[in-house]
Amino acid sequence: MSFTAIVGAGPLGGALAQRLASRDRIRRIRLIDTEGRIAQGKALDIMQSAPVEGFSGRVEAAESIEAAAGADVILIADPAVGEGDHSGEAGLALMRRLASLDTDAPLLFAGAGQRQLMERTVSELRVEPRRAIGSAPGALQSAVRALTALEVNGTGVDVQLLVLGVPPHAALVAWEEATAFGQPVGSLVPPHRLAGISALLPGLWPPGPQALASAAARVAEAVVMGSRRRFTCFVSLDEPPVRGAVVALPAQIGPRGVEAVLHPALSRQEQTRLENGRVPPA
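All the letters of the sequence shown, read from the start, carry residue numbers 1 to 282 under the working numbering.
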């Protein structure tokens, strides 16, 4: 039976397992952590909530990283013991183990602090760029939609916009094509108010585990089930002059990972800021 693997049973990993289970679109979820008892406890807790939440999928636990072999998609979260996401040299060692598995599954980096790890996974471990996806920008984009909705007396669902680049300090909102209620946001909100929202971007990063889990769950479902939606994700660019840079752009996601990277319509100023934010790996 196919399954989705989550590596790390920390706060983000647990939230992600809960979110995937409660959405009931992925039938089998495997929560993997070397602290097996913690992973087992969280998996059991989620399963015991199934009758209340009304989902029928299965959440199981495993200790061995090799238990991710055969997954449709492997989500990289945070360890049960310690602080922060899987990142740094320990994170790269983890990715080396995952890359050695006999699998072609996409690797979905769910944490806000994993952009560099994603970059190194592609550049140093020679993982195909299409397999590497970072979902955290979707959580930041959701926060900006919510703030913009307050300006137009609506809800985040009424607002459509893109947050691009490299958060926290080299991110930008593509106001040129942002809409609310089907109308250009620029016709509804004064420029100084939009500039004020843009100025808040660094303070909105990193998003919390619930927002990160929501963003990652939807991308994971797109990998497993396919989707016509476009998701703002960290993607590894395979084009000059910044080949190998990892930036947030809208992408089409499917069973093989990143199927297409889209380049939205930007003003000249927005395009310049996006280009300046693309930093090639050191």
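Even for Gly, the Cβ is constructed at its ideal location relative to N, Cα and C. In this text the structure is predicted, and so the values were computed from the model without any measurement.
For Pro184, the three-state secondary structure derived from DSSP is strand. In the structure shown, the three-state DSSP call for Ile26 is coil.
In the three-state reduction of the DSSP assignment, Thr103 falls in the coil class. With a 10 Å radius around the Cβ and a threshold of 16 neighbouring Cβ atoms, Leu20 comes out buried.
If you look at Leu140, you'll find it in the alpha helix (DSSP H) that goes 136-151.
Val122 sits in a helix when the DSSP states are folded into three classes. Separation of Val152 and Asp158 (C-alpha to C-alpha, rounded to the nearest whole angstrom) is 9 Å. Within the model, the alpha-carbon separation for Asp45 versus Val59 is close to 10 Å. Put simply, the backbone Cα of Leu200 is about 43 Å away from that of Asp102.
Taking every protein chain shown into account, the CB of Val261 has 16 or more other CB atoms within 10 angstroms, so this residue is buried. Distance from Ala43 to Gly138 at the Cβ level is roughly 25 Å; contact not present, criterion being Cβ atoms closer than 8 Å. In summary, Asp85 is buried, with 16 or more beta-carbon neighbours lying within 10 Å of its beta-carbon over all protein chains present. Around Arg27, the same chain offers Gly57 as residues with beta carbons nearer than 6 Å, after the five sequence neighbours per side are excluded.
Under DSSP, the beta-bridge partners assigned to Val59 are Ile29. Separation of the CB atoms of Val224 and Thr4 is rounded to 6 Å, and the pair is thereby assigned contact status at 8 Å.
Counting C-beta pairs with one atom in each stretch, the segment 31-38 and the segment 48-57 have fewer than three that are closer than 8 Å, which means they do not touch. Taking C-beta atoms under 8 Å as the contact rule, Ala112 and Trp205 qualify, at a distance of about 6 Å. Nearest to Gln271 by alpha-carbon distance, out of Gly203, Glu177, Ala211, Gly244, is Glu177. Ala71 and Val189 have their C-alpha atoms spaced approximately 45 Å apart. For Thr4, no alpha helix (DSSP H) encloses it; the enclosing beta strand (DSSP E) starts and ends at 4-7. Under the three-state reduction of DSSP output, Gly254 falls in the strand class. Annotation: the continuous beta strand (DSSP E) that includes Ala170 extends over 170-173. Under the three-state reduction of DSSP output, Arg228 falls in the coil class, being neither helix nor strand. Rounded to the nearest angstrom, the gap between the Cα atoms of Leu16 and His192 is 37 Å. Taking the CA atoms as reference points, Leu94 sits about 12 Å from Arg120. Following the DSSP letters along the chain, one finds Leu200 in no alpha helix (DSSP H), marked with neither H nor E. With respect to Ala39, Ala77 sits apart: the two C-beta atoms are not nearer than 8 Å. Nearest in C-alpha terms to Ala171, of all of Pro11, Asn276, Gly91, Ala50, is Asn276. In the DSSP assignment, Leu266 falls outside any beta strand (DSSP E) and carries neither an H nor an E.
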